[in-house]
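Below is one structure, written out as structure tokens; the observations come after it.
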Amino acid sequence: MANSANPRIVVGVDGSPASEQALRWALDYARVAGGTVHAVAAWEYPAFYGFAGASLPSAEFNPEELAHRVLSETVTRVAGARPEVRVTESVLPGNAAQALLEAAGGAALLVVGSRGRGGFAGALLGSVSRHVTEHAACPVVVVRDGVAGGTAGDAG
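368 is the number of the first residue of the sequence shown in the working numbering; add one for each residue after it.
Structure (structure tokens):
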């Protein structure tokens with residue numbers, strides 16, 4: 368069950384402009400609500416690895432390490448070196464939607480961007496944002512990239 372005295376806000380981060388906007392929104396909301404932000408990134412090997420004839424990733428390609436770097440750089444860029452609210456970071460293996468749903472267990476809120484790295488340019492909702500809105504046990508906020516005035520402090 369979510370702690371309303373110190374709400375934990377989970378936000379999906381993949382380095383896309385929409386996820387940066389979602390992180391900004393989550394930070395603003397946490398500041399206003401007196402909560403914390405749990406920034407989550409997911410990683411998995413591309414599906415074609417393992418098929419006959421497909422080459423394995425090179426030793427330099429490490430999707431987990433890449434996810435850690437993207438998450439850390441995005442949080443630092445958006446929140447700054449000394450954020451006003453407590454921010455924790457997690458990099459989880461597997462499908463992004465499932466990782467976010469698992470991370471959001473007991474959270475007060477789950478925040479995602481409308482489209483991440485894999486989205487089609489014209490889509491209003493990406494596959495991850497659509498999946499979490501349909502399956503999350505907590506409220507979900509989908510933040511559209513480029514929407515002016517989309518901070519939590521302005522809501523109401």
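A virtual CB, placed ideally from N, CA and C, is assigned to each residue, including glycine.
On a CA-only basis, which of G513, C505, E501, S457 is nearest R482? Give me that one, please. To locate residue 482, count along the sequence shown from 1; it is residue 115. For R482, the nearest C-alpha among the options comes from G513.
Would you decide whether G402 is buried or exposed? Buried here means 16 or more other CB atoms lie within 10 Å of its CB. As a first step, residue 402 is located in the sequence shown; it is residue number 35 there, counting from the start. G402 is buried by the Cβ-count criterion.
Run through DSSP, which three-state label would V407 get? Residue mapping note: residue 407 aligns to position 40 of the sequence shown, counting from 1. Residue state, collapsed to three classes: strand.
Compare the Cα-Cα distances from A397 to each of L476, A503, P506 and report the closest residue. Here residue 397 refers to the residue found at position 30 of the sequence shown. Looking only at L476, A503, P506, the smallest Cα-Cα distance to A397 is reached by L476.
Name the DSSP bridge partner or partners of L459? Reading the sequence shown from its first residue, position 92 is the one you call residue 459. Beta-bridge pairing links L459 to A409.
Assign R511 to one of three DSSP states: helix, strand, or coil. Indexing the sequence shown from 1 puts residue 511 at position 144. Here R511 sits in coil by DSSP.
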